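Here the structure comes first, spelled out in structure tokens, and everything after it is commentary.
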Amino acid sequence: MNKVLVYTDQTSARLKYTFDLMLSDLLGLDYELTHDKDLFAAYSNPKFSYSSLPVGDELFFEAADLLFEVVNKPQPINFCEYEKLRGFYPVSERSRIPFDIFASTFFMVTRYEEHFPYHKDKYDRFRPTGSMNCKGGHLEKPMVNYYALELSKIFTEKHPSLVVKKKSFEYIPTFDIDMAYSYRNKGILKNAAGYLRSFILSDFTEMKQRFRVHSGKEKDPFDTYDYIFQTCRNNLLKSVFFFLLGDESRFDKSIPFDNEAYRELIKSIAAKTETGIHLSYKSHTSTGRTRMEIERLEKIIDKKVVRNRFHYLRFYFPDSYQRLVNIGITEDYSMGYASRNGFRAGICTPYYFFNIRKNETTGLKIFPFAFMDSTFAHYHKTDSETALNEIRQLMRYVYETGGSFYGLWHNSSFTGSKEWKGYHHVFETVAEEASSLMQHE
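Structural data, given as structure tokens:
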């Protein structure tokens, strides 16, 4: 049996969304809601109540107000611990868990706190240190998935006949192509400026490498695509590539979208794996610019584009995501922080975007990533061995909860030079160890 009856005082779009995620998606259960106390009391199969008061002696989870509110307002947060779990909405001792596990889930996955004024970083992004997950000390743990594990344990202890589905761990490396090549296809002026900069900085090693690439004696250092695909093939891993096709700006330095070599590269990669648009730095505020960049990719690959990741992970709630919904994007891979690794939305399973302004579930599925290579190398100046150990810990959490482990890499991270020394080893080791875990599922 995999069906459960749920008594609630009232229902709402928020409650339905949260129960769909927790009960249906994460636990594989069918559920039915009822407001009829007599029907609920007489029901002899698996059941629980989510309300202000229990109906009888059933499994009872006390409800906070969040899932029934219609006006969005900043939430007073009071942290509460239970076992190894951490939540935000303490409730009375009558409740099976001393905080509202469903309201806490909704708060995290909708990024509720990001819908109100906040202190921004220099790129106008929400700072991870301002998040309740960070303040609560659990940013590095997919707490929503741990909630699901605890619910599974509670449900099956109370109702041994209930069959809860265990989800399987998977690892999918994703790649942002911010700059397809380091030296090739840059044009005469840019390359001349590159030579001049190397000369002024007395970086003769780079000058020599640039010359060898241009003379055909050496491969461009950012041309790591064969290496990436070979590593993925060796470990039976899927991958997703995102291409930056915006017009050049201070923060968008890609090869021009009409460069023939770049277009051929995109076509060749799209023939091997899934691809998406890497919407440019200012795209999240402009529907016209967003459409233009998507159309550029669609013309190159001759296929409808359904995936996106925002460049610099720069986007705002709910407008940026609603814009994606409106133009037909159905998958977004931007859910994570640039300066901190972990789980921005407290979850390591793909889930649907809920627009709290409209109080409705959308068709946009969010694929949260757990780590980004440049978070280690650029933001924290982390050596490769430390980075590997941190990724291993994140991977253990995701494996423990049966989640999906998404990593964010760049083609430019495998040069082996400067801050990227040893990152080949990190990439290969994570691929091998994740593949081994997947095969043991």
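Under this note's numbering, think of the first position of the sequence shown as 194, with each following residue one higher. C-beta: ideal position from N, C-alpha, C; glycine also. The structure displayed is predicted, hence computed values, not measured ones.
- Roughly how many angstroms lie between the CA atoms of I487 and L216, to the nearest whole one? 35 Å
- Item | Alpha-carbon spacing of P283 relative to R482, whole angstroms | 44 Å
- Under a three-way DSSP split, which group does N427 fall into? helix
- Message: Can you list, in chain order, the residues of its chain with a C-beta nearer than 8 Å to that of A570? Leave out the 5 residues immediately preceding and following it.
- Response: A580, S606, E612, W613 and Y616
- Message: Check this for me: beta carbons of Y509 and H477, under 8 Å apart or not?
- Response: yes
- Query: With DSSP run on the structure shown, which of helix, strand or coil describes E640?
  - Reply: Lying before the first or after the last residue shown, residue 640 is absent from the chain, which here runs from 194 to 634.
- Under three-state DSSP, which class holds C327? helix
- Query: Would you report the Cα separation of F564 and L601, rounded to the nearest angstrom?
  - Reply: 6 Å
- Query: So, do the segment 285-300 and the segment 335-346 have three or more beta carbon pairs nearer to each other than 8 Å?
  - Reply: yes
- Message: Beta-carbon within less than 8 Å of S442's beta-carbon, same chain only, minus the 5 sequence neighbours each way: which residues are those?
- Response: S473, Y474 and K475
- CA-to-CA distance, E453 to I347, given in whole angstroms: 58 Å
- Note down the Cα distance separating S567 from E363, rounded to an integer number of angstroms. 22 Å
- Between the segment 256-265 and the segment 221-240, are three or more C-beta pairs nearer than 8 Å? no
- How close, in whole Å, do the beta carbons of E306 and S324 come, if the pair is a contact with beta carbons under 8 Å? 7 Å
- Task: Pull up the distance between the alpha-carbon of R426 and that of P269, whole angstroms please.
- Result: 48 Å
- Task: May I have the straight-line CA-CA distance separating G524 from D218, to the nearest angstrom?
- Result: The question names Gly, but residue 524 is Glu in the sequence shown. Taking the straight line joining both Cα atoms gives about 17 Å.
- Among residues of its own chain, excluding the 5 on either side of Q203, which ones have a beta-carbon nearer than 8 Å to its beta-carbon? H228 and F261
- One or two residues paired with I370 in a DSSP bridge: F436
- Task: From the DSSP output, in three-state form, read off G481 for me.
- Result: helix
- Task: Specify the secondary structure class of S288 as computed by DSSP and reduced to three states.
- Result: coil
- Bridge-paired residues (DSSP) for I470: F436 and N501
- Task: Could you have a look at Y599 and say whether DSSP puts it in helix, strand or coil?
- Result: strand
- Just curious, the alpha helix (DSSP H) that Y514 is in, first and last residue? D512 to I520
- Query: Terminal residues of the continuous beta strand (DSSP E) containing V619?
  - Reply: V619 -> not in any beta strand (DSSP E); alpha helix (DSSP H) instead, spanning Y616 to Q632.
- Message: Please return the same chain residues whose Cβ sits closer than 7 Å to the Cβ of K359, not counting the five positions on each side in sequence.
- Response: G595
- Task: Provide the residue span of the alpha helix (DSSP H) that contains T298, from first to last.
- Result: I294 to V302
- Message: For a test of the three-state rule: what should DSSP assign to R279, helix, strand or coil?
- Response: strand
- Beta-carbon gap between D293 and A257 smaller than 8 Å: yes
- Indicate the three-state DSSP secondary structure (helix, strand or coil) for T204 in the structure shown. coil
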